[in-house]
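Engineer:
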Amino acid sequence: MEKNIDLKDLILNTLDSNKALDIISIDLKNKSSMADYMIIASGTSSRHIQALSEMVLEKLKTNGVKNSKIEGKESSDWKLVDGIDLIVHIFHPDKRKFYELEKIWSEIIPKEKVMI
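Just so we're aligned: 43 in the UniProt record's numbering is position 43 of the sequence shown, and the numbers increase by one with no gaps anywhere.
1. On the DSSP letters alone, give me the boundaries of the beta strand (DSSP E) that K79 sits inside.
2. If you draw a straight line from the alpha carbon of I116 to that of A35, how long is it in whole angstroms?
3. Using the beta-carbon count (16 or more within 10 Å), is K59 buried or exposed?
4. Three or more C-beta pairs under 8 Å: does that hold for the segment 14-32 against the segment 69-81?
5. Grab the span of the beta strand (DSSP E) containing E71 for me, first residue to last.
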């Protein structure tokens, strides 16, 4: 578990140091079994979004998450980096506003509705 927290902090720092915008982290441990954390950030252009996703993927792989991958390779305004226990969404600001993932996942989910 502590390894996931360290990895989350590493990814947050990577995004921040590479000028990602509006970075947030959502704890999913009591909300879903798909991952422990979700990180959402925005990039300033399609090239920035691509570069950020590749940097995140490289950090995950060099820190032991060998099966990590990028989804949305064809998209210019959204990338998902699947880090197994850590999911990273990188959006163009307009797409991020449209999907409102942080609003959806930040809400309290009743215990009986938690996915197992």
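C-beta atoms are modelled at their ideal positions from N, C-alpha and C, and glycine is treated no differently.
Structural biologist: To lay it out plainly:
1. Residue range 78-82 is occupied by the beta strand (DSSP E) that includes K79.
2. Any reading at I116 needs caution, since the residue's pLDDT is 46, under 50, leaving its predicted position unreliable; the model's value is listed next. Taking the straight line joining both Cα atoms gives about 11 Å.
3. Looking at its Cβ environment, which holds 16 or more other Cβ atoms inside 10 Å, K59 is buried.
4. No, because fewer than three Cβ pairs between the segment 14-32 and the segment 69-81 fall closer than 8 Å, the two stretches do not touch.
5. For E71, the uninterrupted beta strand (DSSP E) run begins and ends at 69-71, by DSSP.
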